[in-house]
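These protein sequence lines map, in sequence, to chains Z and Y.
First residue of the first sequence? That's 58 in the numbering used here, and the numbers climb one at a time after it.
First residue of the second sequence? That's 185 in the numbering used here, and the numbers climb one at a time after it.
Worksheet: the structure to be examined is printed underneath.
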Amino acid sequence: MPWRLLRFALSNKHPEPRMFTRHDSLKPAYDVVIIGGGGHGLAAAYYLARDHGITNVCVLEKGYLGGGNTGRNTTIIRSNYLTPEGVKFYDESVRLWQDLAQDFDLNLFYSNRGHFTLAHTDAALRTSRWRAEVNKHFGIESEVVGPEAVKKAAPMIDLSCGGHAPILGALYHAPGAVARHDAVAWGYGRGADMRGVEIHQRTEVLGIDVVGGKVTGVRTNRGNISTGKVLCAVAGSTPRVLDMVGIRSPIYVHPLQAMVSEPVKPWLDPILVSGSLHVYISQSARGELIMGASLDPYEVQSTRSTFDFPEGLSAHMLDMFPFLSNVKVMRQWAGMADMTPDFAPIMGRTPVEGFYLDGGWGTWGFKATPVCGKTMSYTVANDRNHDLITGFTLDRFRNFELTGEKGAASVGH
Amino acid sequence: MRLPPQSCEWVDRSQPLGFRFEGRDYSGFAGDTVASALVASGASVLGRSFKYHRPRGLLSAANHDVNALMQWGGTPNVRADATPLIAGMDLKAVNTFGTLARDPGSALGWFSRLLPVGFYYKAFHNKRLFPLWERMFRAMTGLGRVDFATKRLHTPKRYGFCDVLVVGGGTSGLSAALAAAEQGAQVALVDENARLGGSTHGASELVDKVIAHPRIRVFTDAYAAGYYADHWVPLVERGRITKMRAHAVVVAAGAFEQPAVFRCNDLPGIMLASAAQRLIRRYAVRPAQRVVVLAANADAYRALQDFADAGIAVTAVIDLRDKVPGEQAARVAAQGIPLYSGHCIVEALPAADDKRVAKVRVAALGEAAVVAELACDGVFMSVGWAPAAALLYQAGTKMRYDDGVHQFVPGQLPDGVFACGRVNGIHTPESRLLDGERAGSAAAAYCGFGEVRDIAVKAEMESPTHPWPIVSHAKGKNFIDFDEDLQLADLENAIQEGFDNIELMKRFSTVGMGPSQGKHSNMNALRVLARATGSTPGAVGTTTARPFFHPVPMSHLAGRGFTPERRTPMHHRHAAAGAVWMPAGVWQRPEYYAVAGQSRAACIEGEALAVRNGVGLIDVGTLGKLEIRGPQAAEFLERVYISKYAGLKVGMTRYAVMCDESGVVLDDGVVARLADEHFYFTTTTSGAAAIYRELSRWNTLWKLDCGIVNLTGAMAAMNLAGPRAKAVLEGLTNVDLSLPFLAVREGMVCGVPARLMRVGFVGEWGVEIHVPAEHGAAVWDALMEAGKAHGIRPFGVEAQRLLRLEKGHIIIGQDTDGLTTPGEAGLDWAVKLDKAFFVGQRSLMAIAGKPRRQQLVGFMLPAGHQGDAPKECHLVIEGGEIAGRVTSVAWSPSLARHIGLAYVRPGMDAVDSSFTIRLSDKSLVTAGVVKTPFYDPDNLRQKETT
């Protein structure tokens, strides 16, 4: 038992302060306004304060901290991407992740479990090899392995997947990890709060003032703020905020659903992903199986659940793990994925001076939380795109310089 | 203890059933639940709690007793309180170290001060040590165990339709169903219990009426798992799901009785009064001998009669209310039961063996001084209700907190959704009857049956729910969430740490996140939050109620496991010829045909050489096959493909490449013009469905005068190719085989109407023969028979891949990726930017003015290359950097060289220059850039017409 827990027994009152200061009102002006109190927005606030000394910052959150895609994803962290831009970016993220809990002094349950992308077709095997070769080129642990390696890591798997999608091999990525997603938002939030950043929950942005191509202020349901810099980190709501500043983007929003089982004794160590069966699965420290699949096939700005999702996902789960027949699904939910045509994010400066975008995070945003905070805080502080995000700027769509990450999307979308 | 036969009891005493629990033999009756049979046999401890491993018994008997989850063979987390007893069951409690009776894990309770809410966020995160701690956590968590030997269950599903779906077969639900049916609606009534009747336990004349009604279908032992858009409600039965599409839904799901919160409110023997009534009335089980009743509403006093009938002595009634209504007080007085109004239980104490509550301490509300210590072996709580409103929330109902009944009630209901009974804040039995009639009538009228009956339902005179059934205690163990072992202080501490809105409090403390999903904890949790933040329950609000209402087994959701697989009409011919199958999208295609004694490579090489030197036949029926007709058919094709088709002569074909709006290559195929306004065209196998969908979308958008038909399944197709192909076909067709390269003809083959296309994919004289699917096998047979004399061989996908590579033809998806433009793939010649419009044109124009990113080139390894050859997706390396990748590579038997296609940087594509490929083992291989086609560079063989 760690000694630090003793303080709980030695104190009559619960010896923990508030993680997030309550602010009754907004100030009239801030140096930076961050829209979106999810992982990305809070991380940017944290690094702005910690690394760039900019603390006159407020984070505006319509709902509650981490209530958007930060709290709705299946928590997978990996860097086995396809493009050099992506690989370098996500690799830096994984590096940051590994020290984050100690930085925060908050246990994020960052759990390095190893990640298999299963290949059921020779086309999938080819893509796996492509990713492995690009990854290895940048020094990332990633290799194509045979079905026997999958069997060794998850001995209970049916390698034939019910006979209709035999596993031919896999892309194995040793650093693949999961983390307790809510805690990531809390850790960044607390860290930012401690350094003077104001976090305002239940504060909805109603408009952004742009004068002469420059941001001058933000209007909210709790009053107006003047500011010269706004960072937008709102995932599925990105198109709505972009409308406020008159920026067009190629983002389109699809629901992405997930579900979780009742807790069962942990039996599955690695993270498994199957593109052909549209499944990703890991087992949490609570014993719940956390399961995801591909995007809903239509554009909807909604977090409502559909029944065909658990039906289809369960069928594919049982292809891989027939013995889960009697295990019950406890809960399903949905998030809004802001997809881009090339499956890479949109980050950095925009045509509106002082308006910075951290969006287009589709289905791949959680794992990038730390590096997004790092790079966006740099970009906002210096009004210059960080080197790691130059492949992700909005103008790449105008210039036909796409960063094609579709082949590395976790499941076929 | 089992009571003498009760009127309307659910157990069948003529059918005793033996079973085992924790290694001991028990017996019960058919109709028992596992829990009722155990309690009848005197068992009080049914499980251990999640965190502290405290002994726990029955709480709700209403399918949220998560502390009574059991392992039944390979089935984890069986809910003892809701699972029918089956003879021979062998059950164990799920969450014990050692045994249920002796669980060393209960020592964790002593450390509970060290383990406050969220303790695991506060420690264990040393980077080096976390993996060790995590291993320990993982060893301790989870509930039941999965059994890897469990076979996949295939559970049927069906679709159901009704006018009015009534969820809940209690008083209001029965009344609603009857009212709707009487107005003419077809009604489905679902209830999760074995029998209808709700809290009447079936002893209601309404039940008989409902069952007898010809327009009411009854689903008992089934639950509505969730509400989805447009009144789509899956009903989960024991062995099936019925997906019900209703015209209107009446939610009469009732309410969950809520526990009071006091120290050690979790001791076995302490249960909800409704649980005790269920045990008595349904299963004829007496759960205790001498009890204290903790009351705060009329329900508690009504229940006293049931307790008396069952021979249970009530030591005292402790009522949280200062003023007990006279009628209720009189009832207690008449039975000589002491009544402590304005009092509460502050603490329960266990018997020496920890297996049961032994006494309770009573104090005036808000006071610490204990005024009485009452011995008992049970406590029945009836202090309030929380609506079972999950389906209402999922349907989008705006709920409001009603201070009159201290619960959330529907404020604004969505179209076609109705609510009645306790979930609607109506608790008095007579009112529930009326409220059901009102809702049922309104639902039927909504569906067009009859008129809305004008029924006024009286508001409740007194609240059935106490607004604060919570007592703090310095020593804690006053549990709010029994799933997660959360005490009052845990929530208060979470709020202190800043988790002071309902969603954050839930996530930090995990309240409501256990398998019961907060059915007995959410209401008290939000009261704690409201009080701590000086707010009201209405302002605090609830968390989102997501599906499922109760957890659903994966086999139910998966159903029978429908994985359609498409087969061409020649499938069995391939199988008979030794095909080794490979998946191609939803199709199965022969990868190659195995020949006894030959390796895979030798078989593929043999097939390829047969095509080069004799004749081969391949089934290409998996290609997408579309037909377009109409005055603007040519215009349509002009718009969706990058080449020109308006000027294509009737009787000719042309290669066709499709791009998306960003100019990325999407698909390819061949367009054949059969008449001025009639084209037949193909797509790739994997693209077929998506391309048809996309073309249909464009056609809808553009409103051109043409129609597209998908003939993919209707037509069989095969490619006959090789120098002897013409000789094979000659006697079988009336088409003049001197037709030119790229011509298309309609005629007869083997007596069957056919379309013949002179194509050149594999680089020999060849013809693609398309016939109606029903004739595919016969034509295949005839060709194989006629080909015998010429040494014909069927060839598979692998040989075709090799043959096309020798010709330098690309495969979309393999030699292109999600960003490849036609120019990069060497298809510049096909792009006609001077057309009026085509999809992707604007992007390709923009791209044309930019430096090219990469270029697809042919390459060869040096003759006599030793060692490993590159594989697809090995990288091209230049100056230590990634400069491209191999997309196709093969050993060409015709050329006796390794050949391939690769993307390289612009400037590296000059013929006769060379580049370096890095293999997986990091060794480097030099390849020379070669002009394609590798084989028959002038395409003389495929063009030959004589």
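The C-beta atom is built at its ideal place from N, Cα and C for all residues, glycine as well.
As the structure is a computational prediction, the values presented were derived from the model and not from experiment.
- Counting only residues of its own chain and dropping the five nearest sequence neighbours on each side, HIS758(Y) has a CB closer than 6 Å to the CB of PRO774.
- The contact set of LEU175(Z) on chain Y, defined by CB atoms closer than 9 Å, is empty, because the minimum CB distance reaches about 14 Å.
- Counting other Cβ atoms within 10 Å of its Cβ, ILE270(Y) stays below 16 and is therefore classed as exposed.
- According to the DSSP assignment, ARG462(Y) belongs to the alpha helix (DSSP H) that extends over 457-467.
- Rounded to the nearest whole angstrom, the CA to CA distance from CYS890(Y) to GLU811(Y) is 10 Å.
- Counting only the Cα atoms, ASP999(Y) lies some 58 Å from ALA437(Y).
- Not one beta carbon of chain Y lies nearer than 7 Å to the beta carbon of ASN126(Z).
- Taking ALA438(Z) as reference, the option from SER351(Z), LEU99(Z), ALA350(Z) and TYR104(Z) with the minimal CA-CA separation is TYR104(Z).
- Following the DSSP letters along the chain, one finds ARG152(Z) in no beta strand (DSSP E) but inside the alpha helix (DSSP H) bounded by residues 141-161.
- Near chain Z, meaning a CB-to-CB distance below 8 Å, the residues of the segment 289-310 of chain Y are PHE295, ARG297, LEU298, LEU299, PRO300, PHE303, TYR304, TYR305, LYS306, ALA307, PHE308, HIS309 and ASN310.
- Interface with chain Z (7 Å Cβ-Cβ cutoff): ARG784(Y) is excluded.
- In the three-state scheme derived from DSSP, where H, G and I count as helix and E and B as strand, LYS341(Y) is classed as strand.
- VAL641(Y) places its beta carbon 7 Å or farther from that of ALA626(Y).
- Following the DSSP letters along the chain, one finds TRP964(Y) inside the alpha helix (DSSP H) bounded by residues 960-971.
- Look at the segment 364-375 of chain Z: the residues with a C-beta under 7 Å from a C-beta of chain Y are PHE364, PRO367, GLU368, SER371, ALA372, MET374 and LEU375.
- For the segment 720-742 of chain Y, the residues whose beta carbon sits under 7 Å from a beta carbon of chain Z are, in order, ARG730, PRO731, PHE732, PRO735, VAL736, PRO737, MET738, SER739, LEU741 and ALA742.
- DSSP places THR355(Y) within a helical segment (H, G or I) once states are collapsed to three.
- Beta-bridge partners assigned by DSSP to LEU329(Z): PHE173(Z) and ILE338(Z).
- The distance from the Cβ of GLY853(Y) to that of THR869(Y) is about 10 Å, inconsistent with a contact at the 8 Å cut-off.
- For MET251(Z), the closest Cβ of chain Y is not nearer than 7 Å.
- Note: TRP421(Z) is not bridge-paired with any residue in the DSSP secondary-structure output.
- Taking 7 Å as the threshold, the shortest C-beta distance from GLY769(Y) to chain Z does not fall below it.
- Pairing ALA101(Z) with MET433(Z) gives a Cβ-Cβ distance under 7 Å.
- In the three-state reduction of the DSSP assignment, TYR245(Z) falls in the helix class, which pools H, G and I.
- Around the beta carbon of TRP60(Z), a 10 Å sphere encloses fewer than 16 other beta carbons of the protein chains shown; the residue is thus reported as exposed.
- Between ALA1067(Y) and MET1092(Y) the beta-carbon gap is near 6 Å, inside 8 Å, which marks them as a contact.
- At a cut-off of 7 Å, the C-beta of GLN596(Y) has no neighbouring C-beta in chain Z.
- With a threshold of 7 Å between beta carbons, PHE195(Z) makes no contact with chain Y.
- Rounded to the nearest whole angstrom, the CA to CA distance from TRP1075(Y) to SER359(Z) is 52 Å.
- HIS109(Z): member of the alpha helix (DSSP H) spanning 96-109, first to last residue.
- Taken atom to atom, the span from the alpha-carbon of CYS528(Y) to that of ARG79(Z) is near 35 Å.
- Residues of the segment 394-415 of chain Y with a C-beta less than 9 Å from any C-beta of chain Z: ALA409, GLY410, TYR412 and ALA413, listed in chain order.
- For ALA333(Y), the C-beta contacts it makes with chain Z under 8 Å involve PHE380, in order along the chain.
- The shortest C-alpha to C-alpha distance from LEU885(Y) to any of ILE788(Y), SER296(Y), GLY931(Y) and VAL824(Y) is the one to VAL824(Y).
- Under the 8 Å Cβ criterion, the segment 722-739 of chain Y counts as touching the segment 374-393 of chain Z, having at least three qualifying pairs.
- Secondary structure of CYS843(Y) (DSSP, three-state): strand.
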